[in-house]
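Going down the list, the protein sequences come from chains D and A.
Each residue of the first sequence is one higher than the one before, starting from 0 at the first, in numbering that gives the first Met the number 0.
Each residue of the second sequence is one higher than the one before, starting from 0 at the first, in numbering that gives the first Met the number 0.
There are 2 protein chains.
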Amino acid sequence: MTSQIPEVVILRLPLYLRILTLLEEENAGVVSSQELGARLQMTPAQIRKDLSYFGKFGKQGKGYNVRLLLGELRQILGVNREWHMAIIGVGRLGKAILDYGMLTPRGFKIVAAFDIDPQQTGKKVGRVVIQDLAELANTVKNRGIDIGIVAVPPSQAQQAIDCLVGCGIKAILNYAPVAPRVPKDVRIQEVDPVLALQTMTYHLKSLGSP
Amino acid sequence: MTSQIPEVVILRLPLYLRILTLLEEENAGVVSSQELGARLQMTPAQIRKDLSYFGKFGKQGKGYNVRLLLGELRQILGVNREWHMAIIGVGRLGKAILDYGMLTPRGFKIVAAFDIDPQQTGKKVGRVVIQDLAELANTVKNRGIDIGIVAVPPSQAQQAIDCLVGCGIKAILNYAPVAPRVPKDVRIQEVDPVLALQTMTYHLKSLGSP
DNA sequence: CTGTGTGAAACATTTCACAGCC
DNA sequence: GGCTGTGAAATGTTTCACACAG
C-alpha cells in the first residue's frame, strides 16, 4: 500500500507551486503541461508523470485548472496552514533571516529567537524577543514550533542542531556550512549559496572566451 | 573523449570540499571513504566512485590524504582562484548578501552593485558604490565579472536576468522566487529557503505525534 | 484535434563485490 | 588486515508513445 513516491518528485513540487502561484497572479485559468514545461525548462512528460503520483488533476484536451492544481499542491505539500519556526543565532545572518520578508507571507513564521550569548537575551529583533537557549524546550512546546533554523557560526552549529533535535524538532533549515549529523528521522536542509556557486564554477572553468 | 561526468556528481563535489576543509582544520592527515561517508551520511562506495571519475587520489589500505584531495577538488571545481561577482538589487536582501561574511573568504567576491532605482546610485554599501544598471556592460568588462547575483523583487527578476545575460554573464545566482528563462548556455542556480522548507513540510505533514 | 495519464522502454545512478595494492 | 578503484548488477528516473477523454 506504500505507493512510494520518488524523492526527486517531492523536490520538484515546490517549483510547480511557485510557477502556479505566478500564473494565478497573471490570471491564467488553465495551463498545459507543455506550457509549464516551457516555463520551468523541463519536459511536459515529466510534469504529467510527477503529478500523476498524486491524482488526476488535468482535463484531456484542456490542461490543468490553475486554481485547482494550486490547491491540490498546497494540500500535498502541507502548506495550507501556518508553520511555526524558531531561529537559533541572532548575529548578522540571523537578523537578516528574521528581516527577510518572503517567509511569513508564504506560511512560514519565525515566532521565537534564541542565542547562546547571554548578552543578547531580552533584546528585541523585529517582533520577537531573544531568549536563552535553555528555554528552547519550553518554547517548542508552548508555541508549537515545528521547524528550527540554524544561523550560528560553524563551530556552534552541531551544538545548536543537537539542541533542536533534543527538543523533538524533526525539520531543520541549516545555514551553517558544516556537515551536520542528525538522527535519520530528522530532516535537515542545507542553505549555502557557496555550494551553488561552486557547482557553477566547475562549469565556468572549462569555458573558453568566445 | 568526453568522459561525461554525471551532473549529480558535480553537485556533490562541493560537499566533499566542505567536509575536507573542516577535516583539515581538525588536522586530520588522512581520511577513508568509510569515515567521509559517516560524516556526510552517504555510502563509502558512492564517494569512491564519485572521486574515481577524476582520478585515483587514494592509497589502498590507508585512505585519502586530506590536503592532497582538498587541492585536487579545488582544482576540479575551479575554486583555486578568486571569482568576481556583481549583485543587482540593493534592497534589504541585497544588503544582507553584501554583508554576508562567508563569500569572500571562500573565493567569491562581490566587486560591484547595481540598482534600477536611480535614487540609490552613488550610495555606498560596504566596500562598493551602487551603480546604475546602464553601466553593467562596462563594469562586467572592466572588472572581469564572472557571476551575477539577482536580489531584486520577483517582478523585476526576469529583467535583471536578461540584463546579465545580455552582458555575456554565463552564471547567475538567483534569489528571486520566480521561474526564470535563460539561454541554455547560461547556468542559473536558485536560492530560495522556501523551496527547502516546502519539501520538509511534505514529510512533516504525515508525521503523527509519537 | 488537443492534451492527459500511464505502462513499457530507455537511460542514469547507486550499490555490490572483489581484484589488487599498501 | 584494511581500503581503494571499478566492472557488473540492481535500482531509480526520465522519456516515449499511445489509448482515451473532452
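Ideal placement from N, C-alpha and C gives every residue a C-beta, glycine not left out.
Remember, it's a predicted structure, so these values are computed and weren't measured experimentally.
{"Asked": "Within-9 Å CB hit, D:Thr1 to chain A", "Found": "Below a pLDDT of 50, predicted positions are generally treated as unreliable, and D:Thr1, at 40, falls in that range; no measurement from the model is reported."}
{"Asked": "As assigned by DSSP and simplified to three states, the class of A:Glu189", "Found": "strand"}
{"Asked": "Burial state of D:Met199 (16 or more Cβ within 10 Å)", "Found": "buried"}
{"Asked": "Closer than 9 Å to chain A by CB, D:Gln188", "Found": "yes"}
{"Asked": "Complete runs of the alpha helix (DSSP H) confined to the segment 74-125 of chain A [at least 4 residues]", "Found": "91-98"}
{"Asked": "Candidates A:Asn79, A:Val78, A:Ile109, A:Arg105: closest to A:Gly93 by CA position", "Found": "A:Ile109"}
{"Asked": "From A:Arg186, A:Leu22, A:Asp131, A:Val29, residue whose alpha carbon lies closest to that of A:Ala111", "Found": "A:Asp131"}
{"Asked": "Between the CA atoms of A:Glu6 and D:Pro13 - distance to the nearest angstrom", "Found": "21 Å"}
{"Asked": "DSSP bridge partner residues for D:Lys204 (one or two, in chain order)", "Found": "Beta-bridge pairing links D:Lys204 to no other residue."}
{"Asked": "Complete runs of the alpha helix (DSSP H) confined to the segment 27-52 of chain A [at least 4 residues]", "Found": "32-39, 43-51"}
{"Asked": "Minimum Cβ-Cβ distance from D:Lys61 to chain A less than 9 Å", "Found": "no"}
{"Asked": "Alpha carbon of D:Ile160 to alpha carbon of D:Glu189, nearest angstrom", "Found": "12 Å"}
{"Asked": "C-beta neighbour in chain A for D:Gln130, strict 9 Å", "Found": "no"}
{"Asked": "Cβ pair D:Val149, D:Leu172 closer than 9 Å", "Found": "yes"}
{"Asked": "Alpha helix (DSSP H) segment containing D:Ile144, residue limits", "Found": "Note, D:Ile144: premise wrong, no alpha helix (DSSP H); not H, not E."}
{"Asked": "Validate contact between the segment 77-89 of chain D and the segment 50-65 of chain D using beta carbons, cut 8 Å, 3 pairs", "Found": "no"}
{"Asked": "Three-state secondary structure (DSSP) of A:Val7", "Found": "helix"}
{"Asked": "Alpha-carbon spacing of D:Gly167 relative to D:Gln158, whole angstroms", "Found": "15 Å"}
{"Asked": "Residue-chain proximity (A:Ala170, chain D), Cβ-Cβ < 9 Å", "Found": "yes"}
{"Asked": "Sequence-distant residues of the same chain with beta carbon closer than 6 Å to A:Thr1, five excluded per side", "Found": "The pLDDT assigned to A:Thr1 is 42, lower than 50, so where the model puts this residue is not dependable, and the model offers no usable value."}
{"Asked": "Reduced DSSP category for A:Leu168 - H, G, I as helix; E, B as strand; rest coil", "Found": "The residue asked about is misnamed: residue 168 of chain A is Ile in this sequence, not Leu. In this structure, A:Ile168 counts as coil in the three-state DSSP scheme."}
{"Asked": "Inter-residue spacing [alpha-carbon to alpha-carbon] between D:Asp191 and D:Ala175", "Found": "7 Å"}
{"Asked": "Where A:Tyr99 meets chain D, residues with beta-carbon distance less than 9 Å", "Found": "Arg91, Leu92, Ala95, Pro192"}
{"Asked": "Per-residue burial, D:Glu24 [other beta carbons within 10 Å of its own, 16 or more giving buried]", "Found": "exposed"}
{"Asked": "Rounded C-alpha distance that separates A:Glu102 from D:Gln197", "Found": "The identity of residue 102 of chain A in the sequence shown is Leu, whereas the question assumes Glu. Rounded to whole angstroms, A:Leu102 to D:Gln197 spans 11 Å at the Cα level."}
{"Asked": "Rounded separation between D:Asn79 and A:Leu97 - CA only", "Found": "34 Å"}
{"Asked": "For D:Gly165 and A:Glu34, the rounded distance between their alpha carbons", "Found": "25 Å"}
{"Asked": "Beta-carbon spacing of A:Gly147, A:Ala170 below 9 Å", "Found": "yes"}
{"Asked": "For A:Val8 and A:Asp49, the rounded distance between their alpha carbons", "Found": "6 Å"}
{"Asked": "Contact set for D:Arg107: own chain, Cβ-Cβ below 7 Å, skip 5 residues either direction", "Found": "According to the sequence provided, residue 107 of chain D is Phe. The question's Arg does not apply to it. The answer, listed in chain order, is Trp82, Met84."}
{"Asked": "Chain-order list of residues whose beta-carbon lies under 6 Å from that of D:Ile115 (same chain, five-residue window excluded)", "Found": "Leu132"}
{"Asked": "Chain D contact for A:Gly107 (CB, 9 Å cutoff)", "Found": "Contrary to the premise, residue 107 of chain A reads as Phe rather than Gly in this sequence. Taking Cβ atoms only, chain D reaches closer than 9 Å to A:Phe107, which makes this a yes."}
{"Asked": "Member of D:His202, D:Ile4, D:Arg105 whose CA lies at the smallest distance from the CA of A:Val193", "Found": "D:Arg105"}
{"Asked": "Beta-carbon proximity list for A:Phe53, same chain, < 6 Å, skipping 5 on both sides", "Found": "Ile75"}
{"Asked": "Per-residue DSSP class, three states only, for A:Pro209", "Found": "At A:Pro209, the pLDDT of 46 sits below 50, so the modelled position is not reliable; the number obtained from the coordinates is stated separately. Coil at A:Pro209, not helix or strand."}
{"Asked": "Secondary structure of D:Gln59, DSSP reduced to three states", "Found": "coil"}
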